[in-house]
Amino acid sequence: MQKTLQALLFDVDGTLADTERDGHRVAFNLAFAEAGLDWNWSIELYGKLLVVTGGKERMKYYLEHFNTHFICPTDIDDFIAELHRSKTMHYTALLAEGRIPLRPGVERLLREAREKGMRMGIATTTTPANVQALLSQTLGVDSESWFEVIAAGDVVPAKKPAADIYLWAMDKMGLRAEQCMAFEDSENGIKSSVAANLRTIITVNDYTCEHDFSSAILVLDNMGEPEQPFTVLQGDQEIVNHVACLDLDLIQRLANSSSPV
Ligand code: XBP
Ligand code: MG
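According to the numbering used here, numbering within the sequence shown proceeds without interruption in unit steps and concludes at 273.
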């Protein structure tokens, strides 16, 4: 008897939407300018800073590795937290302008899962406010309720690549890893999901296409649409043969053909 999948667990940034380059990065720069700082994170520099998850942690990493001359205020944590509050305000404003759409196939898969009663959760490093803003802007205000759990940001002590956020989400949903499938976009993300024993499907983006996804059960350029088929970058060609997009049937077949991590 094939084990049936119970839930899909989604990362947000880079997976549901391509939020980093034109969203978070722009919001950080707006917050820096508003604070009178001459910090400017270029597309290239931001790619280097993405090794650290979490905006607050990323700013500290930037100071420690790329701006050692900055004289940090004594209450550095308060300073960083204030910058992050400003950045989040700018980011949610960018989302409200409809500047960041969902990636190909994401809305289609979420709606199919919802219609077929497949449970869904979110496991992300970003803040709950950012998740709410993205979901309401792209899928409507009720879309938050499509997800039983929105595990986000500081709800856990250790951010990705630690397993914490996925373990927290599964605990709240009362699920075991073998009953779930994770969807990620980055090396930090898959390290986190695999550390939580989750089988993981990857959709890459410009910042992550060179990452190590050897532990993924499938790597795609995106989730695809019937008229815009995905490209399979890694995975069981037999299972994905003649399939144009990531749907529940394909996810279930991948789950049935792969052993728990
Ligand atoms: C991506 C992250 C986040 C964002 C910035 O999260 O690492 O830190 O880059 O958002 P995920 P914050 O891929 O897990 O969705 O500034 O709110 O952290
Ligand atoms: Mg991500």
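Think of the CB as a built atom: it goes at the ideal place given N, C-alpha and C, for glycine as much as any other residue.
Three-state class that DSSP yields for Val-206 in the structure shown: helix
Give me whichever residues DSSP pairs with Val-231 in a beta bridge. Ile-214, Gln-246
Enclosing alpha helix (DSSP H) for Ala-47 [first to last residue]: First-last for Ala-47: undefined, no H or E at that position.
With the cut-off set at 7 angstroms, would you say Pro-173 and Ser-204 are in Cβ contact? yes
Under a Cβ-count criterion, where at least 16 other Cβ atoms within 10 Å of its own Cβ denotes burial, should Glu-32 be classed as buried or exposed? buried
7 angstroms Cβ shell around Asn-142 - same chain, five flanking residues per side excluded: Around Asn-142: Thr-100, Tyr-103, Thr-104.
Taking the alpha helix (DSSP H) that Met-130 falls in, what are its first and last residues? Taken as a continuous stretch (DSSP letters only), Met-130 belongs to no alpha helix (DSSP H), as it is neither H nor E.
Can you name, in chain order, every residue of its own chain whose Cβ lies under 6 angstroms from the Cβ of His-96, other than the five neighbours on each side? Gly-67, Lys-68
Give every residue of the same chain whose Cβ lies closer than 7 angstroms to the Cβ of Thr-139, excluding the five residues on either side of it in the sequence, and list them in chain order. Thr-100, Ala-164, Gly-165
Report buried or exposed for Lys-275, applying the criterion of at least 16 other Cβ atoms within 10 angstroms of its Cβ. Only positions 13 to 273 of the chain appear in the structure, and residue 275 is not among them; the question remains open.
Bridge partners for Ile-251 per DSSP, in chain order? In DSSP, Ile-251 forms no bridge with anything.
In this structure, does DSSP put Phe-40 in helix, strand or coil? Three-state DSSP puts Phe-40 in a helix.
For Ile-88, count neighbouring C-beta atoms within 10 Å of its own C-beta (all shown protein chains included) and say buried if the count is 16 or more, exposed if not. exposed
Could you spell out where the alpha helix (DSSP H) holding Glu-76 opens and where it closes? Unbroken alpha helix (DSSP H) run through Glu-76: 67–77.
With distances taken Cα to Cα, identify the nearest neighbour of Ala-208 among Val-216, Cys-221, Glu-190. Glu-190
Once DSSP output is grouped into helix, strand and coil, what is the label at Phe-91? helix
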